[in-house]
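For the record, the sequence lines run as chains G and P. The first sequence begins at 187 in this note's numbering and counts up by one. The second sequence begins at 187 in this note's numbering and counts up by one. For each residue, glycine too, the CB sits at the ideal point set by N, CA and C. The structure appears below as structure tokens.
Protein chains: 2
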Amino acid sequence: MRILVLGGDGYLGWPQSLYLSSKGHDVTIFDNLSRRHFDLERGFNSLTPIKTIHERVAAWNEISGRQIQVYIGDTMEYEELASAFRDVQPEAVVHFAEQRSAPYSMIDRKHAVFTQTNNVIGTLNVLYALKEFAPGCHLVKLGTMGEYGTPDIDIEEGFIEIHHNGRSDVLPYPKQPGSFYHLSKTHDSHNIMFCCKIWGLRATDLNQGIVYGFETDQTMQDARLATRFDYDQIYGTALNRFCVQAAASYPLSIYGKGQQTRGYINLKDTIRCIELAIITPPAQGEYRVFNQFTEQFSVVELAEMVADQSKRFGLETQIQYLSNPRVEAEQHYYNATHTRLIELGLQPHLLNGSLLESLIDLAIKHGEHIDRNQIMPTVNWRVAKNAINNQGDPLFKRVSDQ
Amino acid sequence: MRILVLGGDGYLGWPQSLYLSSKGHDVTIFDNLSRRHFDLERGFNSLTPIKTIHERVAAWNEISGRQIQVYIGDTMEYEELASAFRDVQPEAVVHFAEQRSAPYSMIDRKHAVFTQTNNVIGTLNVLYALKEFAPGCHLVKLGTMGEYGTPDIDIEEGFIEIHHNGRSDVLPYPKQPGSFYHLSKTHDSHNIMFCCKIWGLRATDLNQGIVYGFETDQTMQDARLATRFDYDQIYGTALNRFCVQAAASYPLSIYGKGQQTRGYINLKDTIRCIELAIITPPAQGEYRVFNQFTEQFSVVELAEMVADQSKRFGLETQIQYLSNPRVEAEQHYYNATHTRLIELGLQPHLLNGSLLESLIDLAIKHGEHIDRNQIMPTVNWRVAKNAINNQGDPLFKRVSDQ
Chain G
187 MRILVLGGDG YLGWPQSLYL SSKGHDVTIF DNLSRRHFDL ERGFNSLTPI
237 KTIHERVAAW NEISGRQIQV YIGDTMEYEE LASAFRDVQP EAVVHFAEQR
287 SAPYSMIDRK HAVFTQTNNV IGTLNVLYAL KEFAPGCHLV KLGTMGEYGT
337 PDIDIEEGFI EIHHNGRSDV LPYPKQPGSF YHLSKTHDSH NIMFCCKIWG
387 LRATDLNQGI VYGFETDQTM QDARLATRFD YDQIYGTALN RFCVQAAASY
437 PLSIYGKGQQ TRGYINLKDT IRCIELAIIT PPAQGEYRVF NQFTEQFSVV
487 ELAEMVADQS KRFGLETQIQ YLSNPRVEAE QHYYNATHTR LIELGLQPHL
537 LNGSLLESLI DLAIKHGEHI DRNQIMPTVN WRVAKNAINN QGDPLFKRVS
587 DQ
Chain P
187 MRILVLGGDG YLGWPQSLYL SSKGHDVTIF DNLSRRHFDL ERGFNSLTPI
237 KTIHERVAAW NEISGRQIQV YIGDTMEYEE LASAFRDVQP EAVVHFAEQR
287 SAPYSMIDRK HAVFTQTNNV IGTLNVLYAL KEFAPGCHLV KLGTMGEYGT
337 PDIDIEEGFI EIHHNGRSDV LPYPKQPGSF YHLSKTHDSH NIMFCCKIWG
387 LRATDLNQGI VYGFETDQTM QDARLATRFD YDQIYGTALN RFCVQAAASY
437 PLSIYGKGQQ TRGYINLKDT IRCIELAIIT PPAQGEYRVF NQFTEQFSVV
487 ELAEMVADQS KRFGLETQIQ YLSNPRVEAE QHYYNATHTR LIELGLQPHL
537 LNGSLLESLI DLAIKHGEHI DRNQIMPTVN WRVAKNAINN QGDPLFKRVS
587 DQ
């Protein structure tokens with residue numbers, strides 16, 4: 187299948203591109219390299235060394251004999267996007283090309299505006315490009331479980347049957363996103379649903395949980411194929427960050443009470459889920475939503491698992507509770523449905539000791555590159571202008587150690 | 187009270203500003219004059235002559251002795267917005283400053299992108315200006331009943347109690363907006379709700395029905411105080427347009443079956459509703475939603491009322507059914523709650539014969555200015571690139587006459 191991967195140079199986009207290429211699909215990457223640019227701007231870096239997009243693609247060609255084509259382009263520049271669509275004539279588009287960090291979106295007005303403009307208008311451009319150049323193409327869009335927030339009822343997959351005053355209807359599930367980033371994904375969902383209705387486009391909106399993990403069958407084949415591994419306060423997701431903190435003998439930092447429960451998914455399952463969505467596309471005009479995660483954990487549970495596993499390396503890991511920089515319920519009901527991808531054939535890689543061990547081991551191996559100043563949260567949801575200093579904001583002082 | 191009216195030069199913003207000024211409030215208008223610019227661009231015009239913002243304000247001062255201050259500025263230019271907030275230190279902000287036409291937003295990509303950028307990012311700027319310069323100020327935001335779409339259950343005011351799998355929660359009412367314009371208002375609603383939560387802002391989101399009418403107690407005092415009256419395909423709302431069509435002996439144009447039912451409200455009630463919201467503000471941190479309309483009608487009902495009333499002027503008015511340029515349910519359940527503004531004291535001006543008579547009379551008086559080429563719909567929801575020609579698109583041909 188001809189597949190265009192928007193944002194194919196990122197943490198998920200790159201292993202996704204490799205995976206789809208390994209399965210014989212004709213993969214084209216479209217990426218503006220903005221994630222690498224942010225590293226340059228802030229002095230951040232992936233814990234694991236990553237190669238340039240050109241080196242990556244050349245290495246993959248050398249190893250697999252397969253070609254991945256690359257467009258350096260921006261979804262905000264319609265002509266760049268349009269020429270990729272015109273040239274590739276994609277049958278599926280996987281859309282990762284968004285600013286993907288909640289803390290980034292909460293730094294200040296400039297970063298909030300960038301996030302919502304880039305994500306919402308970028309996706310609007312993707313929708314117009316689909317309509318104009320590839321109306322039969324299947325859009326596979328990365329959304330987030332964070333669109334739902336933490337309602338006091340079960341979370342369903344995109345839609346819910348509501349009974350009210352003696353009548354009933356199946357309606358979009360109400361959204362309560364918790365950052366300007368999460369809001370941008372909610373806006374996207376509404377725009378995409380509408381375009382499926384008016385233009386007969388077809389789309390799968392994947393409300394993805396928090397992704398952890400580093401290796402896939404493809405990236406393991408050569409160090410030049412490695413994907414990035416972020417542990418910093420802006421881009422590092424909880425589990426990856428905990429493993430780095432454990433490896434460096436830093437306390438595992440929990441925001442607030444740590445009872446925040448979320449859906450999680452292994453990187454290997456993410457790329458498989460997207461393949462499953464691609465090979466079983468929705469009908470023309472259909473907008474469908476899958477909740478893309480495999481297990482639920484509270485932050486404390488994750489931290490305890492990491493602390494426990496780190497003992498195997500002779501590490502004594504502490505857990506540290508910080509006052510919460512985010513505005514969120516710290517204790518809440520959480521039960522989210524996630525059956526549709528299982529029905530399509532997903533066989534989950536559940537979180538286990540050996541996976542945690544491999545992540546901690548990875549962090550130990552790259553221990554010399556760990557920069558503590560990148561880890562502690564400095565972006566406060568309650569403040570409209572955050573200075574991202576790399577020393578940790580005194581506001582997020584240690585509340586207690588466990 | 188110090189009140190900043192964003193978009194205070196428009197159809198609603200102007201009479202709103204006059205009304206609040208007449209009540210003794212200290213009113214400042216902030217407007218980028220974009221609605222007038224669109225007229226210049228397209229060769230459109232208000233049916234009734236309107237004065238420049240400078241002449242209007244001077245006339246009001248002459249007649250009432252009251253001053254309205256004016257900032258020519260754009261919500262997209264944060265520094266312009268910030269200086270108005272800094273100078274005025276508003277206690278309430280009424281936010282009309284959005285691109286307000288559904289057909290405009292559906293013309294092509296450029297117009298869709300403009301609508302969503304201007305409205306969503308403009309409002310994001312307003313939220314940051316509130317947080318930065320006036321955190322206790324009450325935001326009164328104009329939304330639309332069109333955010334809800336036409337669900338098969340009763341529409342509530344912003345939130346709905348959902349019972350699901352033995353649990354229940356009160357959640358944001360699910361939204362199914364029907365154009366890129368309506369979507370922009372839904373995006374705004376989510377962003378505003380979030381800022382009330384994280385920053386403790388206070389906001390009233392008014393999901394307004396379709397406004398009809400022309401005169402208020404203030405605009406009637408002098409011809410120089412008149413507000414605009416649009417009947418064109420882009421900005422003309424259904425009832426105003428029907429009255430113009432009747433006056434000019436053109437058939438009343440109904441899109442599709444005409445059973446589309448919506449909420450409607452008299453201009454006089456709109457400005458009173460906003461006053462009611464202002465004088466009974468929400469608590470700090472509260473986000474509340476009122477459905478701001480007084481009656482529901484189907485398009486056919488409205489057309490029949492206008493046809494009936496036009497007989498008083500000796501007019502024989504036909505009703506014409508056009509194939510629907512929009513993608514919408516043409517027959518549907520519709521029952522929307524609208525009690526909260528009544529509870530605050532609204533005494534509705536319901537649609538009656540004498541109001542219709544006055545609108546038709548107005549259109550007859552200005553009959554020489556009616557341009558038929560502005561009336562017929564040329565923007566097709568199903569097409570991504572509409573040429574707005576002024577001759578009527580052959581696609582929207584007459585289906586049948588009644």
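For chain G, the residues of the region 252 to 284 of chain P that bring a beta carbon within less than 8 Å of one of its beta carbons are TYR264, in chain order.
Residues of chain G with a Cβ closer than 8 Å to the Cβ of ILE307(P) are, in chain order, VAL299, GLN302, THR303. Pairing GLN362(P) with GLY329(P), the inter-Cα distance amounts to about 14 Å. The alpha-carbon separation between LEU542(P) and PRO321(G) amounts to approximately 45 Å.
Ranked by how close their Cα comes to the Cα of PHE216(G), the residues GLY259(G), VAL312(G), LYS209(G), PHE483(G) have GLY259(G) in first place. Distance check between ASN377(P) and each of ILE341(G), THR301(G), GLN482(G), LYS497(G) places THR301(G) closest, using alpha-carbon atoms only. The region 443 to 462 of chain P and the region 302 to 312 of chain P do not touch, with fewer than three beta-carbon pairs separated by less than 8 Å. Judged by their CB atoms, GLU343(G) and VAL356(G) are not nearer to each other than the 8 Å cut-off. Remark: C-beta atoms of ASN510(G) and GLY399(G) do not approach each other more closely than 8 Å. The closest CA to that of ARG558(G), considering only LEU438(G), GLN202(G), THR238(G), is found on LEU438(G).
Taking a 10 Å sphere around the C-beta of GLN404(G), we find 16 or more other C-beta atoms and assign the residue as buried. In the structure shown, the three-state DSSP call for VAL565(G) is coil.
Three or more Cβ pairs drawn from the region 188 to 201 of chain G and the region 408 to 418 of chain G lie within less than 8 Å of each other, which places the two stretches in contact.
ASP338(G) belongs to the set of residues whose beta carbon lies under 8 Å from a beta carbon in chain P. When Cβ pairs closer than 8 Å are counted between the two stretches, the region 284 to 298 of chain G is seen to touch the region 419 to 428 of chain G, the count reaching three or more.
PRO358(P): member of the beta strand (DSSP E) spanning 353 to 358, first to last residue. The beta carbon of SER207(G) sits closer than 6 Å to those of VAL213, ARG252, ILE254, all from its chain and outside the five residues before and after it, given in chain order.
Here the alpha carbons of MET406(G) and THR523(G) stand approximately 32 Å from one another. With a threshold of 8 Å between beta carbons, VAL312(G) makes no contact with chain P. A straight line joining the alpha-carbon of PRO534(P) with that of VAL256(P) spans about 31 Å. By the 16-neighbour rule on beta-carbons within 10 angstroms, LYS454(G) is buried. Counting along the chain, LEU325(P) sits inside the beta strand (DSSP E) bounded by residues 324 to 330. In summary, no residue of the region 529 to 549 of chain P has a CB separated from any CB of chain G by less than 7 Å. Secondary structure note for ASN247(G): its alpha helix (DSSP H) is the uninterrupted segment 239 to 250. Taking 8 Å as the cut-off, the Cβ atoms of PRO468(P) and ARG388(P) count as close.
Per DSSP, HIS223(G) is one residue of the alpha helix (DSSP H) stretching across 220 to 228.
Distances from the CA of GLU265(P) to each of LYS296(G), ASN566(G), ILE465(G) were compared; the closest alpha carbon is that of LYS296(G). Residues of chain P whose Cβ lies closer than 8 Å to the Cβ of ALA570(G) are, in chain order, TYR314, LYS317, GLU318, TRP385. Following the DSSP letters along the chain, one finds LEU206(P) inside the alpha helix (DSSP H) bounded by residues 199 to 208. For LEU369(G), at least one C-beta of chain P is nearer than 8 Å to its own C-beta. Inter-segment contact for the region 488 to 495 of chain G and the region 425 to 432 of chain G is present: three or more beta-carbon pairs are separated by less than 8 Å. By the CB criterion at 8 Å, LEU313(P) and CYS323(P) fall outside the cutoff. ALA283(G) is positioned such that its CB atom lies closer than 8 Å to that of LEU192(G). Of all alpha-carbon atoms in SER203(G), MET262(G), HIS223(G), ALA270(G), the one lying nearest the alpha-carbon of VAL243(G) is that of SER203(G). For SER370(P), the enclosing alpha helix (DSSP H) begins and ends at 366 to 385.
Nothing from the region 426 to 451 of chain P brings a Cβ to less than 9 Å from some Cβ of chain G.
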